Every structure is written in structure tokens, then in C-alpha cells.
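Here's the structure, in C-alpha cells; my notes come after.
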Amino acid sequence: MSTATVEEIGEVTAPEPFWTRQRRLGVALVLIGVLAAVLFGSLAPSEAARFTLSEDAEGAALSINGQFGAILFGIVTIITGGLLFTSFAKRYQNLLLSLGILTFVLSFLCWQVAGKFLPLVDTTSGTLQLALPLILGALAGVLGERSGVVNVAIEGQFLMGAFAGALVGTMATSVWVGLISAAVGGVIIAAILAVLSIRYLVDQTVVGIVLNLFALGVTGFLYERLMQNDASKYNEPPRLPEWRIPGLADIPVVGTVLFDTNLLVWVALGLVVLIHFGLTRTRWGLRTRAVGEHPTAADTVGIRVRGLRYMNVLLGGVVAGLGGAYFTLVATGSFTKNMTAGAGFIALAALIFGRFTPFGALGAALFFGFAQKLATYLSAVGSPVPSQFLNMLPYIATIIAVAGLVGRVRAPAADGVPYIKS
């Protein structure tokens, strides 16, 4: 009895499972689309929802009947989910997913803005400003995690950056010296994290939590001893100036947001592009990904695993320190105890939700910033939707992503694993 070879039978491939990530996303979009069309459509008053290009209800605006818009965008979400469920849309699943989420948000806004107005410039600018420290914190996480070091200490780096920027910026009466000092403050926490986790092999998550508490204690103590007693001498730093680019700043909505702003916005957006290019197109990026995925193999080909991890964690400290500068040199103009209020943990959530990629982290940070800005707007207009619910959305989305309900989020294989050279 002859036995058929693999070549004679042909290559056998396992059938694709029915409940793929694409189909789960499609079902999820259909369900939220039904929710939008039925619930939002029934609750929305039949009044105009105005989306203005100015700061008030006057001037140019995009207007749509609130009830009609809620139902229309809900139906579009259902259609998008149906298309995503089909197999022929596999190539366009990310585009369809983005479209579905956008139309669901528009349906919700038509319900909430009906009979009122939503200033687009203020909302867009506020979203970017709230997302700014999250973008920088998430990028700091990308640099560490992609090389195999878990950075839970982003909150501590924010605090040290904010404190150092305010203290040194005030004493030197220079916002630029304050900005550099903020970066140094982030590097101090990053250096301690690197030494303890890479050299002494301490559990990286535990070290991160301890460093957050350390930064909270140190900055709180020095604030009470120095800043609180003599604010004019130690806690009144210059604010980062806003620069306007003629011509580009006159573009509706986008121009004001991107080209009439402070340097930190351009630095954050530039770093997203730079880090993405570096990770995907340079030797440094190849070595970083190798160290994060398989450090033993990287070591065998001559890559200095520990040295590269040290460098990337310290670079992450610089980026996170700049994120801390936002709180004192941009947002408020002074330092207060625990002023970051957990922003470092939200940045960590943005890192995970963005799948450990620079552009993913950018999108997640903007989503979180929009949720916070929308919560503020709804509180101001007296919406029946509690603002706390919108503030929960970033964390709910992160839990869904980490749980794998819309596709598995996979960290680098060696993330959090100390490397011991054999």
C-alpha cells in the first residue's frame, strides 16, 4: 500500500476561523449603530445641531437636524459594520472601522448638540492640548517597551519634569532653561528605572510604581518647603510662547490648531513621525525591535542588549520630561502637588490601546483627549449624560483592547523580561 507524499497531496492549509477579528468588529459596529439609530434618534430633539467655525454661535457653521442626523449616522454605522463583516472588505477593515467609529460619534454629537452649538476650533484645539502630554508619555513608553523595558514610571517622569521645569524656569527666568530642566527631570527617574531594572534585575512593574511614589513624595516635599513659601522666587515660570505661521494659520479649523500654537505641539507630532521612521526604517529601529523580541538572538549577532535598553529608556525619560513641562510651562504656569493627576497612567493606557506603535499611541491619545474635552463641553451645556461616563471611556476602551475582544494586543515578546547574559 503506497503512501502519498506531501508534494502529491499538495499543501494543506488550516481553514480560517469564522469569528475573526474583522467579523467581531463588524458585529460590534452593527450593535452600536443600532444603539445610535434607535436610542440617540429617539432622544434627540428635532432641532438644528450647529457645528460652528467660530467661538460662538455666530458665523459660518455646519448645521443638521439633530434627530435626523442621529438616525442617519447610526444607519451609516450599521452599514459600515455589515460591510466589515463580509470577507471581501478584509483589505479595508481599518478604514471601515475608523469610519464606523466616526459616524457613531457624529450620531452621538447630533443628539447632544441639537438646539445648541459646538465650536469646532475650540474642540479640536482643546483635544490636541489635552492629548499633548499623553502623546509624549505614550512615546516614552514606546521607546522603553519596544526594547523590552516596561515603563510604569511615566507618571513619576511627568511629575519630575513639571517640577523641574517650574523651579529652574523660575530661577533662571527663562522658559527654554525650564524646558531643558524638565527633560532632565524625566531623565533622572528614567535613569533610576534603567539601573534597577536592567543592572539589578528588579521587577520592572514594581520599580515603576515605587518611582511614581518617590517622585510624588519628593516633589510634594520640595513644593511645601520652597514653592509654597516663596512662589515668586521658585514657582512662577515663564509660559511657553505661541508662534503663528503666516498663511498656514489662516486655514479653517486646522490652521489655528496646528500653525498657531506652542513649540511643544510641533515637537510631539514631529517625534511621532521620527520614532515611527526610526523603528521601521533604521538600523537603530531594527536592533531595538530585535532586543525587545528576542534579546538572546540579538546578543549572538553582536548587539549590546543592555546598552541599547539603557539608551532607549533614557531617551524615553527625555520625552516624558517634556510631557511634564506641559503642565507647568503651558497649561497652568505654576506647580502644585500631584498636578499630573494620573496622566502618566492614561498615557500608559494610550500606549497599550495604540498597540505599542507611535501612530497608534497618537490616535489613542487624541481619542482620550477628545473624550475629556467632550466631557467638559457636556457639563457646560447641561447634558443628561454624566461627564464621568465620558471620562471612563478611555479606560473601557483599553480594557476591551487588552482583553482581546477586538483583536489581540501583543506586547513585545521580551517586554518586562530581564536579560541575563549567558
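Numbering (the UniProt record's numbering), first residue to last: 1 to 422.
Note that beta-carbon positions come from the ideal geometry of N, C-alpha and C, so glycine has one too.
Computed from a prediction, not measured in an experiment: that's the story for all the values here.
Just tell me which of the options has its CA closest to the CA of residue i.
i, options, result
"residue 191", "19, 178, 144 and 225", "144"
"residue 372", "393, 256, 356 and 362", "393"
"residue 134", "189, 179, 327 and 256", "327"
"residue 52", "260, 90 and 117", "117"
"residue 129", "387, 309, 415 and 366", "366"
"residue 342", "356, 323 and 354", "323"
"residue 101", "238, 282, 212 and 36", "36"
"residue 389", "375, 148, 185 and 276", "375"
"residue 84", "214, 127, 20 and 44", "20"
"residue 170", "227, 158 and 292", "227"
"residue 139", "79, 358 and 386", "358"
"residue 146", "183, 62, 279 and 329", "279"
"residue 310", "61, 189 and 109", "189"
"residue 219", "206, 355, 338 and 246", "338"
"residue 254", "29, 121 and 409", "121"
"residue 246", "264, 61, 260 and 91", "260"
"residue 205", "168, 176 and 141", "141"
"residue 78", "91, 345, 38 and 44", "38"
"residue 257", "165, 344 and 132", "132"
"residue 363", "299, 340 and 397", "397"
"residue 81", "103, 212 and 216", "103"
"residue 313", "391, 26, 86 and 150", "150"
"residue 126", "296, 331, 353 and 410", "331"
"residue 164", "152, 235, 242 and 419", "235"
Measuring only the C-alpha atoms, how far is residue i from residue j?
i, j, result
"residue 417", "residue 98", "34 Å"
"residue 348", "residue 93", "26 Å"
"residue 262", "residue 136", "15 Å"
"residue 316", "residue 290", "18 Å"
"residue 395", "residue 65", "32 Å"
"residue 421", "residue 284", "21 Å"
"residue 361", "residue 69", "30 Å"
"residue 194", "residue 157", "13 Å"
"residue 40", "residue 124", "23 Å"
"residue 181", "residue 50", "44 Å"
"residue 380", "residue 387", "10 Å"
"residue 148", "residue 267", "25 Å"
"residue 250", "residue 264", "20 Å"
"residue 355", "residue 232", "43 Å"
"residue 201", "residue 346", "26 Å"
"residue 9", "residue 350", "Bear in mind that a pLDDT of 45 at residue 9, under 50, signals an unreliable position, so the number given afterwards is only what the model happens to contain. If I take the Cα positions, the gap works out to 48 Å."
"residue 112", "residue 105", "11 Å"
"residue 178", "residue 306", "31 Å"
"residue 215", "residue 159", "6 Å"
Which of the three DSSP states, helix, strand or coil, is assigned to residue i?
i, result
"residue 21", "helix"
"residue 250", "helix"
"residue 335", "coil"
"residue 356", "coil"
"residue 118", "strand"
"residue 148", "coil"
"residue 410", "coil"
"residue 201", "coil"
"residue 422", "coil"
"residue 195", "helix"
"residue 153", "coil"
"residue 316", "helix"
"residue 417", "coil"
"residue 174", "coil"
"residue 340", "coil"
"residue 86", "coil"
Please decide whether residue i counts as near chain C, where near means a Cβ-Cβ distance under 8 Å.
i, result
"residue 291", "Among the protein chains of the structure shown there is no chain C, as only one such chain exists."
If you count every other CB in all the chains shown that lies within 10 Å of the CB of residue i, and 16 or more means buried, which is it?
i, result
"residue 377", "buried"
"residue 270", "exposed"
"residue 47", "exposed"
"residue 173", "exposed"
"residue 119", "buried"
"residue 335", "buried"
"residue 277", "exposed"
"residue 399", "exposed"
"residue 107", "buried"
"residue 384", "exposed"
"residue 197", "buried"
"residue 370", "buried"
"residue 414", "buried"
"residue 213", "exposed"
"residue 412", "buried"
"residue 288", "buried"
"residue 221", "exposed"
### Message
My parser needs the alpha helix (DSSP H) runs of 4 or more residues fully inside the segment 279 to 313; what are they?
### Response
283 to 293 and 295 to 300
### Query
Which parts of the segment 219 to 267 are runs of the beta strand (DSSP E), unbroken and 3 residues or longer, counting only runs that do not cross its ends?
242 to 244 and 260 to 262
### Query
Where in the segment 39 to 84 do unbroken runs of the beta strand (DSSP E), each at least 3 residues long, occur, reported from the N-terminal end onward?
48 to 52 and 61 to 65
#### Entry: Secondary structure, alpha helix (DSSP H): runs of 4+ residues fully inside the segment 342 to 386
343 to 353 and 358 to 380
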